[in-house]
Each structure stands twice: as C-alpha cells, then as structure tokens.
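Residue numbers (my numbering), protein chains in the order written: chain A, 1 to 409; chain B, 1001 to 1409; chain C, 2001 to 2409; chain D, 3001 to 3409. Before any comments, here is the structure.
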C-alpha cells in the first residue's frame, strides 16, 4: 500500500483513488502511457467534436469503478466475495485495454490483428507491465492475463471486468456521454454499485435494484443509437478501413512508398514484436496519413485526405437491402472514375460487437440475475418489460456509403 | 444563410448553432480541421488526464459565445452595436486560433515562431479559409485579419474577440474546467452575456452585473492556480522546450537524424509555407518524438522518452530565488552526468501570458467598465474589493525543475 | 410587451423569461401566489426529503417550456403554427394548475372535489386572474378556460398544454427529478423542443427525433417507478386520505371540533366560493392537523400525528391479490384495537392517473406521431421497440398498508 | 450500529448514509420532523422561487458532511482526532438547528426569542430527542448541548459544527445554491474535506489546500451578495417583522383577535413550553396570517396581505445614509395615510449575522489556519490575497424600504 493515497482529478468520477503501489507503478509504465495516444471512441470525434478522450482516461475509470464495487463488497462483509482477489481485479481492470492499437475497429479488420491477443502478449512478454506485475508474485502476470481472457477459474473475478454488468461498460457509458455531450440519459452509478451482490461465484443484483439496472441498460441503448452507431462515425470508419486495405494492397504488391515508417511493414505482416508495438499509436497513423496525402497512388492519397480533412462519404438509408439501388450506385461510382472496392460500402451497424443486453449466455457472458430475499435468482428480462423489449433484438437499418455527388435512386 | 440551421452537440454549450453558410464552409476547411489535431491545453493532459480536448472544439465554442452575445445585442436593439459587423465577428471568433502550431508554448520559444503571425498568413495566403472568406467580398479576409490582429478600426468588434471580457476566455474557462474536471468554480455564462452592453465603441457591463463579473474573474483566478500554472504541467512543457532546443541545435550542427520528416527543417529555419503548415500538428510531433527515442543522440532520445512516457522532471518550490540552492542543484545535475542546459530550469509562472485582470490598459486591452443607469462609466476594480485584490498582482513562486534522484537542499 | 424582458432564476431552466405584461401581471395575482403554498409532489417529501418544491415553481416552468416551443416554431416560420395563439398558449400554460387544492390527490378523493373544475372557476369567476385576462379581450378568460379544459377548437393549442408531449409533463419530469435528487435519467429538453413540428392542427415529431422521444418516455417511466409510485409516498397519502375521511365523517355527524377554521365546512359540503378558495393551502391543512393532534377523537388525533410526524403505515407487497392475507391482516388490525376502515388499505398504484404512454387515443389525448420527410405520419410505438414495450402496460403490484407491529403472513 | 446502512436520496450529496441507530431514531423524532415545516432560507423563496427547501434537508446535509469529514480523519488514522467523539459530533451536527422557529430572523427580532436557547431546551427538556440521546448515556444530551452551545471542552468537536470551516456552512452554501439555481460558483466539497486536518484541538487546512479554501470562501461571498442580502428578500423580511411587531402590540394592548391560535400568546410573552414549541412552524404562521387578512385592524390585515401575496415594499439604494431623503420619504408615507413605524425602514445588510470571513477570532470562532509540512500554522489571509481582500470588510449599502407609489428624490 502507498503511504498516502494518491488521487487523479477525473471529470466523470470526480476523483480516482490509488492506494496500492502496484497500481501506481502500472499507471506509470510505457504501455499504459501509450493509451493516452489512442482515442477511446476512435473516429467518433468527427461526429461529436468533444469525443477526444483517450483509452488512458477510460482505463483509470474502469479501475476506479472496480475499486468502488470491491470496497462495497468488503464494507458489507459479503461472504461470497473472495477478498484475496482484490488486487488481481484492480490490475485486470486497469490493464484490460492495454493491447488496443490505433483506430482498432478499422485496423483490425484490415490487417487481421486482434487487440485482445495483444493485451495478453503485453502482459506475458518483456514489458514494463509484466515487470511490475511480476513483483507481486511470479504467477501474477499469468493470473491477470487469465482474468482478462476470461479463463480465470473464479468467474466472479472475471465478471467484474467482462460481463453484462462489468466495470468496463459502466465507465464508458458515462465517459462517452460526458465527452460527446449526450449526457442526459446517464444512470446513477452510485446506486448501481450499491445493488450489486456477490453470489455463488457471480455478481448478481438485489431484486429492489431492478429499476437501477433498467436505467443503466436504457443509457446503453440510448448511447448505441445516438453515438456508437451514428452513420457519420461509420462513414469515417469505413474510409479508414478502406485506406488501411489500400496500404496493405500496395505494400504486398511492392509499391514504393515515399513515407513508410517502422514498424508498419511488420504490422501489416502480423509479425510485430511487443517492444515495437509501443510505437503504434494514433499519432503514428495520423502523421503517416498526412504524409500519404502526397503519395503518387491516387486512391491512397485521396482516402487519407478525406479522412484527415473530414471529407466523408455520404450515406443513404435502406430499410431493407435493395440490390437494385446498390447496383445503380455502383454504376455511378464507376462512371465517376472511382474504384468501387474503395468507394462503395453497404453497412449494417448491428454487425458491431456492441450489444445492449442478451437474456441468454453469449460469448461466455452470462445474463443479469436478480436476487430476492428468499435467495432465488431470476433472469432480469423475465421480470422487466423494458429489458425484455431490448433483449437480443437485432435493430438497425442498412446504409449505403459513397462519395458526394452521387444520387440515391 | 443556411436553409436550415445546423447544430453541433457540444459538451459545454449543449449545442453550437450554425446559421450562415460561410461559417459552415469555414468549419469544413482543411485549416480548421487541422485544429482537431492540436490540443487546447498543450501538455496539461499529463496533469489532468481529461484535458485532451482540441483547439477545434474551443474554436467552435468561441464562435458560439460570440453568436450569443451579438444575438443579445440585436434582440434588445442596442443602438451602439454596429449590426453590419455580425458576420465579421463570427468569422474572426471561429478563426482566431487557426495559426496555432503543435504545443505552441514550447515550440514558439524554441523555434522563434509566432502563432498570431501564422493566423494572419493563413487568412491572407492561398488557403481554403482565404477562399471561403473571399466569397463574402474581396476585402473580407483582410478585415478578419484586422479584427484578429486588433487593428480593425471599430474597437467594439475587436473587443468581442480580444479583451478582458472576450469570448475566447469565456469559452476556455468553461471548457478547460469541464475537461479537467475542475468544474466547480465555473461562472454563469448566460448571466454574463446578459449584462454586456455595447457602449460608444466598447463592450461594458451593466452596473448590476458587477457580481457576475466578479464570479467570472474568480473562475479565471482559480483556473490559473489550479490548472494553467500547475507545476506538473510546467515540468512537461519544460522538457518539451528543451527537446525542441536540442533538435534545433542538432539540425543546425549538421547532425544526421534517422527520422526527420518534411517540413521540419523549414520550420526550424522559419521559412515554411502555408501549404506545408497544414502538415504540422501534434501527431507529427508526437510520432517524431517516438521515432527519436531511438536516435543516437542521447539527450534527444532521453528527452523524447521522458516526454512521451511521462518521466517528468521533479520540482521544488523557492519562495524567493535562492542562488545557492540553484548552484547546488546544478552541481548535482552535472555529477549525475546530465547537461544542465537541458536538465535544469528555474521557472516563474507569472512569465506566462495568462493574467487574471488588469485595471489599466495593457497590450491594447482596456479594463472592464461598469455602466450605471445615469450613463457613467467606472472601472470595475474601483468598485469591487475582490477584483481590486487580484488586479495586476504578480503572484506565483519560483520553481526549480530537475531530473529525479537529486536532493533539494 | 414589457419594456425590458424580466427573468426569474430557475434551478431547472436556469432562467424563466417574461416578455409580456399580461404574464407578469398573472404571476403577481393572489391566485398564482397561492400556489407557492401547495407542493408539486404532495406528500413525496416524506420519501424524498428534497421534494419540497411548489406548484408555483412548476407553473413557471410549464410557461417557460411553452414559450420555448412556440419560439422555435416562430423562428423557423412553420406555416402550420397559428401565430396569433401565442399569448393564449402562454397564459394557459401558466395557469393550468391554478385550481389545485392542498394535497389534491388525497383531498379530492375524500371530499369529492375536482381541481380541474376549480381551475375553470378561478378563470371564470371574480378573481384577479380573471381581471388580468379580461384586459386582453372580453372573451379571453373564456378562451383560456377552453384551452385548459380541452374544448378549444384548435387542437394544436390544447396539445401544447395537455397531450402525451405537453409542456406540463416536460417540466415536471425534470423538476421532480431535480428536487428529489433522482436526476440521472433526465432527458434533453433542448433537443425535444427542436424535434417538435406543428402539423395540421397537431404537434408531431420529426422522424429523426425518435430517440429523443424514447429518452423522454424512459425518463417518465423511471420517474413513475422510482418516485411517483413509491410505496412510502403512497403510505403517507393513504393516511392523509383516511384522515380527511374521518374529518368528513365527524363533521357530518355533528362532532364538536376544538379547532375548525373557516372555510373547512364549506369545503366538506362542496359549496365553497372562489374568494374563500384562496385560504385553502397546505399551511391551512398542516396547521389544522397539528391542532387536531389534541382532539378528543382518537382516530383523528392519531392519524394527524402519524402524518405530521411521519409515523407511516408499513406495507407488504402481494404479487397477486391474496384475500387470505388481507383477511388475516384485518383480524390483526382489529385485535390491536384499530378500526380497519381507517387502518387497513389495499392499494394498486396503476389506479393513479399517471401513465407513461398509450398508443391509442385516451381521454382525448392523441398518441405521438413521427413525421417523415415524405410527409407521412406513423404512431411512434409502431417504430420503436422500446416504446411499444411500455405502451399501455398495466404494471405494478398490490400493496397492503397497515400500522406497524402487525405481521404479514 | 444499524444492521444495514440506510440511505436517503439527497439532491446535493446524492446520498445521505446512516449507520447508527441513534441517528436513525433522532431523525424520526417529532422535533426533527418539525423542521420539515420550516424553510431553510426564510422568505428567500419570494426572490428565488426554488428556495423552498427546509431546515430538515439542511440538517441531514450537515450530518452527512460531518460524517464524511470524520470518516476521512479515521481512514487516515490522524492521531489528533479523538475517535471516541464520533457519535457526539454526528448528533450535534444533525440537531444543531432543532430550536429554529418559523421565519426565525423576523420573529426573533420582534418577539425577543432566541433559537439557540431553544435548541438547548429541546435537548435538555422532556422531548423525544432528549429521550433518544439519553439512551446513549445519562450525560449524552448534556454533551450534545455543550457542543452546540460551544462550551464543550474539546474545541475540535465544537469546530466541526461551528467555526469558519464548519459543516453547517459547507452544506448551506451548496444547498442554497442548488435550490435557488445560483449554482455556478459552487466549490469542490470532496476536495475541501480532503484537505482538512485535525491538529492540536483544532481543524486546520493542509497548505496545499489553500486554493480549495479560496474557492469555498468565494462561493460564500457570491452567495451573500446574490442571495442572502438580496433586497427583495430583505423587503419581505421587513414586512414580516413589522407584522409580528403589530401582532405583539395588539396583543399587549388587549385587542380582540378573530383568530388567535394556541400557543401564540405564550410565544409573545416568551413563556412557551417545549411541548408547545412543536406546534410552531411556518404552516402555523402562514395560516394565521391568511386568517388575519380579514382582521379589523387594517395595519395587521394589510401587512399579512402584502406578505402572503407578495405585494412587497419597494426599495431605493443610498450609498450613504441620506437623512434628507429619509425625511422626505417619511412625509410621503404619512401623507399617503400609512403609519411610518410599520411602513418605512432603513436597512443595512451587514447588520446580518452572516459574514464571509474574519481573520481574527470573533464570537469564539477562530480563523482558518494553513498547516505546512514543517508543522507551522499560518492564518490564511496572510497567505492569500483574495481572502485578505474579503476578510472583515463591511460591505453593503443602505436601502430604504417603503410602499409602492412613493418617489425617492
């Protein structure tokens, strides 16, 4: 423990409290500091100009919420909480995003990388984070990795970091709302924390807390439709992905780039080392794109220019996939001299990994259970009309993205 | 005018309203979009992790406040307001920061550049901004330049953008408070706007609005001491400045950099062109520093590593300049193998351009006048004890900055 | 119009703006001032101690929201808005609650009074309000009455004051949330106002505003379950109603009260005059109850003591009406020496007049329509899963209320 | 201790936490419940319509802040804090306002009562509060009385409840700001609490917390001038005081009131008993005034009507006392048929008991000391220019109050 508690001023939680030296040392590692240069919401800042916050801020927030939940469990002396796992939880909470690369959504789909795998490598390989964790005990880095990768035997520990009620989502809902300015529908974090109960290896919710969970899931629902799936954000992500695909294509076909900084080649070939991974951040990508606006390859130069200067693709909504309209648009794109592989995209937001709530188990995420005073558990959507209505529903409409100047008919 | 008003969701003002096509077009220029890649508070994010907002957000905010002030003047039909200057004011408000480079405070002192000069060049030379403004009228870009450079003949127009009560400060106080999380002492913007009056070529304050101005100046005072002068922020700025000085020194002495992207040389030699200026943003600087962490020059590599990974200089407070302690520290620095030119700094925050309030005229900024119903003007510090107490006071203490591991005795 | 706009500082809307002399004069009538002595949320302050705000504050808020909606319509020049009805709307908004008596919910059910009827009488009879309105035109008081009583021929005017999207609810959701402290799930009023459109005699919602309406209805839903139907509030209302019933019973049976202020008898007999109605407020009732704690009639004295000193009835939840448990409780109540007519109550919150949303027309309240750019209208629950799920659902469970010391088995 | 912590939803502190059965029982006493019927800010609701909150809410808030301060002391294990005094402090915090009568400021000056004396009597005599406290120990009520009356030997205990940095002020600044809507200049309570230190029998402030104290005192300063000394509030208080003076005059001269409820006579004669004191609340006063609007005595009827229906006195500002203008106004008042004893008042707000800060000891209230790491104490205004500027300054101007229709010349 630190001699004196340290605090960070945080706009969402007011203060983040650090009591353990390990946590303090982890925050000061190069790997954690790198997250300051990766935005939490990717390209959303082109839709909501305030959304410029980083994964570093969010990581502190997830840590702080986890700390508060555990503190609630300990203060109340709940016997189902394994008190010896406190530090493990806190470390996993802080480090859960450490493998995220720049503009992850777009880059992962173009280059076939995976941030969860990277997170594990950062914990396991020769990194500062690994060094700090190893001081706790030789197997501590491994344990943190298991928690983050959901293979740790005590499910309750995993579920604080990754479940339908995890600290990760609890923080990002509030933080993204705060920075985008869409912060009306936020929920009462303090109350949410108070109704959580450790129960036979899981975190469940006191029955009287049902409305608190409803409010929380409603916030999530609102954020999905107002922020995460916003078609302008999707447009900028599509351009970015197309741009990365072009870079990969050019690289694999021996194109001579004027500017091609280390370790970009290794990234494309998926043979990067963890030391080099440190160099990869959104500054690296944005500066490269800026230099590429002068490349001879017109597609690359144009896509970079579009992204950096917010000349985004237009979009049209299709209630149902309309093949005729897509064909028509493809013709227009070709006639205007664009390569449709890079300048046309059909998108359906529900492809995204975000989901509001599922009543059944998915990806190892168990549903939310209410726990009544007679000790019975009931899955929440059985009790709440509101939650049942949003549970597992595939919402969203198809959008067609294309350069300005085309007409959607 | 736009057919339909457009809005941006803004976390500080809730919404930014755009009614003029010129404003809309200016926002979409490459020069304005570049401000998304320059942080409003430079290196403050190392002290307050939430301070990651950009000059782009701030510029929209200054525009919005100016729009609200003018709208108040027009709604009330105040005859001292020159209604024909509305669009000019709005454009100047939006564009006032367009010349800011990356990490301006540090880079300007190291490379002898000047963001105000750059703003003027961006308005005058062959830029997209110049093109949009020229559509209003041939002399419109010139007029905007005059307003921003404070040479426009109608002082009231200038004073909305640059005075003790300008929209620039009104926005940054609120916005910086919001993002740092230090948002308790904020003031009532709506009330401030309501007590402003155009009066014989100046903006003055209704006498009954004195307490509103007091609250506003108190906010400023608090922000100076809690945020702008924070010694941790100063430490990161000092490292950055030293790093830029080292780059300049190496460049001028013919050092062969492994990584030296265009147009860095032109920047150091102060012969950059406005097209090239677009490339300069904080991504450019951060990525370069990241690559430089592998340079052979140890001083450069170390300073870059310190900055990017937040291994900042420690600091000690000296109530008065204490030459003996400085000499002692210099010896320690040398003994530890550091070059004191890069690893030791005496700093006094009041050197900074920020000031809370001055009762007399300075830099062409006139003081704040109260206007009573009998038509008399009185300078506000004559009436308010609080404001008198902070007016022109040189506060602050000296700090000594040095690498960790030294002792201040 | 007033020479200079007047403002009231309002904790919810920041400022309430008054531009018309009629509005100013109405606010200063005795009838409006009386609403300062009637709480907006009746007995909810016993559950949420902050809920001490009055119907006066709420009335100003409804006026302000109405003003903002109309101002949006006028600024955009929507042709379906009858601009000549502005003042009529504003007056009706301000005055819509003027007939509310003290603790309306409880007193109306005990004494068979009706606050809507009283509102009409206050507008029609010899009151200050009538006098101010008559200055506008001879038939103006009648018109205001028609708007409030929903018989005014132009439905759009009525619907601003009384519909599923009226200014009344828009204000109370925010205001009650603010004062109870349950203010997380509030909605974005500014956005709600911006998506409203006048359309062929109704107020409808721009299709792209669907999520704004969802957020608003979710707020309402949350407020119903967290605040309006709270069983502790219901308990205090039940005691109050029982107490009023006892007073009526005693009065009609010739009981000699030690304290029986004018015009209580007339109130019970429902033959009160509008001048006397001014005397009736929550001070009148609370003080009478306080004096009655010393009455000889034990039931009256006890119920008054329970109410004033918050010795509320306990309650138990029954998922379904359980006649056996009710009978059992009745026996216990009798054995403990209580009269079950006054000391036992089965309650079902959905009896209350509040409802979240109905997709069909009820009580003349039409549902909410979305309006798309092709001019088509669609009822919102057809489009929104969330809203469909809460539409018209009869939620709630039965509660049994009884004095402390009984056991529910 | 309670088996499970109980919480109250509070709009200012989000939640008030109750852990001790004694506290829970005290909250439920008749004496505490009575405070629900006494407004925190007296007649300020006539200036700020939101200011309708009660002393009950405030009392819970003072308790909660005290709880947080003590909890901070205990968590950090500061040895200068006498841990055995925790419950005593909490009780004193909760009960400190229990003797407040209705509209205390006005009634005390008219009837020569004293709420502090009443608080002591409520603790000492046969009350429910006394009964609950006695269960802790026989001398516990006496100790609570000593703390509130500032005679308890351990000054640190007293100073949490009554000093320049007491929990009383810390709560009311925030709460009054919240309800009036003047809530921009609020301070960071969490930070204030964190910089407090127990030190040799006093509460002092960590030197690095100076700016936190500045912000807090600035909030106080702002609240004084914007809220507490507002001339409209003063006008309503003056009318109320004149009204009470008239009641007293009439009573002592044998006037036969139509309405004169028990125990008003005893109150005027200052021979009331603590049981009867329970009957006295603002409902009692408001209802009596309402009945008195029909009294034959015209002065009494008129003053009651003015107060209840907000027909307040007008006011004019005099920079200095201007005897000529006062004489002139007196003549006008007389000519208009008013008795100047009741219809004319010269007022100077600094007479009020509120003060922002005093650098010396006054009324046993010691100044605020900063405590540096070398263990030295320094009075804060010696270090802070801002605080020095507001310390002990007698601000304010004279106002003259009179009925409408007079002219101030």
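Glycine residues also receive a C-beta, built at the ideal position from the N, C-alpha and C atoms. As the structure is a prediction and not an experimental result, all values here were calculated from the model.
Practice item. Within its chain, find whatever has a CB closer than 6 Å to the CB of residue 2204 of chain C; leave out the 5 residues flanking it on each side and keep chain order. Key: 2197, 2369, 2371
Practice item. Could you say which of C/2148, C/2004, C/2061 lies nearest to residue 1077 of chain B if we only look at CA atoms? Key: C/2004
Point to revise | Alpha-carbon spacing of residue 2404 of chain C relative to residue 215 of chain A, whole angstroms | key: 32 Å
Exercise for review: Run the proximity test for residue 122 of chain A: is its beta-carbon closer than 7 Å to any non-hydrogen atom belonging to the ligand GTP?
Suggested key: Questions concerning the ligand GTP fall outside what the structure shown contains, since it holds no ligand whatsoever.
Check your understanding: At a Cβ threshold of 8 Å, is residue 3014 of chain D touching chain A?
Key -> yes
Practice item. Check whether the Cβ of residue 1190 of chain B lies closer than 8 Å to any Cβ atom in chain C. Key: yes
Point to revise | Contact the segment 161 to 175 of chain A vs the segment 85 to 93 of chain A: 3+ CB pairs below 8 Å | key: yes
Point to revise | Contact list for residue 226 of chain A against chain C, beta-carbon separation under 7 Å | key: 2211
Check your understanding: Pick from D/3343, D/3276, D/3256, D/3320: whose alpha carbon is nearest that of residue 3296 of chain D?
Key -> D/3256
Point to revise | Segments of 4+ residues assigned as alpha helix (DSSP H) that fall wholly inside the segment 2098 to 2127 of chain C | key: 2104 to 2111, 2115 to 2124
Review point. What residues from chain A crowd round residue 2184 of chain C, counting only those whose CB sits closer than 7 Å?
Key: 186, 187, 188, 215
Exercise for review: Please confirm if residue 2036 of chain C has its CB atom under 8 Å from at least one CB of chain D.
Suggested key: yes
Check your understanding: How would you label residue 209 of chain A, buried or exposed, when you count the other beta carbons within 10 angstroms and need 16 or more for buried?
Key -> buried
Review point. According to the neighbour-count rule (16 or more other Cβ atoms, all chains shown, within 10 Å of its Cβ), is residue 1264 of chain B buried or exposed?
Key: buried
**Study point:** Three-way DSSP call (helix, strand, coil) for residue 3135 of chain D in this model
**Key:** helix
Review point. Under a CB-based cut-off of 8 Å, is residue 222 of chain A close to chain C?
Key: yes
Check your understanding: Helix, strand or coil: how does DSSP classify residue 15 of chain A here?
Key -> strand
Review point. What's the gap between the Cα of residue 3033 of chain D and the Cα of residue 3056 of chain D?
Key: 7 Å
Review point. Nearest chain B C-beta to residue 3386 of chain D closer than 8 Å, yes or no?
Key: yes
Practice item. Have a look at the DSSP bridge pairing and note the partners of residue 377 of chain A. Key: A/371
**Study point:** Short Cβ contact (8 Å threshold) for residue 2180 of chain C with residue 2048 of chain C
**Key:** yes
Review point. Apart from the five residues just before and just after residue 2155 of chain C, which ones in its own chain have a Cβ nearer than 7 Å to its Cβ?
Key: 2201, 2202
Point to revise | CB contact check: residue 2065 of chain C to chain A, cutoff 8 Å | key: no
Point to revise | Contacts of residue 3028 of chain D in chain C (Cβ-Cβ under 9 Å) | key: 2309, 2310, 2311
Practice item. Compare the C-beta of residue 1409 of chain B against all C-beta atoms of chain D and say whether one is closer than 8 Å. Key: no
Check your understanding: In its own chain, which residues sit with a C-beta less than 8 Å from the C-beta of residue 1143 of chain B, not counting the 5 before and 5 after it?
Key -> 1088, 1152
Exercise for review: Using DSSP bridges, identify the partner residues of residue 317 of chain A.
Suggested key: A/399
Check your understanding: Can you round the beta-carbon distance between residue 2238 of chain C and residue 2322 of chain C to whole angstroms, since I take them to be within the 8 Å contact cut?
Key -> Contact doesn't hold; Cβ gap of about 19 Å is too wide.
Exercise for review: Name the residue from D/3218, D/3343, D/3309 whose alpha carbon lies nearest to the alpha carbon of residue 2037 of chain C.
Suggested key: D/3309
Practice item. Show which residues of chain B have a CB atom less than 7 Å away from the CB atom of residue 279 of chain A. Key: 1290
Point to revise | Close Cβ partners of residue 2002 of chain C (< 8 Å) along its chain, the five nearest in sequence each way excluded | key: 2018, 2019, 2020, 2021, 2024
Review point. Does any CB atom of chain C fall closer than 8 Å to the CB of residue 390 of chain A?
Key: yes
Check your understanding: Which whole-angstrom value describes the C-beta separation of residue 30 of chain A and residue 128 of chain A, a residue pair presumed to lie in contact below a C-beta threshold of 8 Å?
Key -> 5 Å
Point to revise | Close Cβ partners of residue 292 of chain A (< 7 Å) along its chain, the five nearest in sequence each way excluded | key: 259, 300, 301, 304
Check your understanding: Cα-Cα, which of B/1107, B/1218, B/1063, B/1067 is closest to residue 1097 of chain B?
Key -> B/1063
**Study point:** Cβ-based neighbour list, residue 2390 of chain C, same chain, cut-off 7 Å, excluding 5 preceding and 5 following
**Key:** 2217, 2221, 2356, 2357
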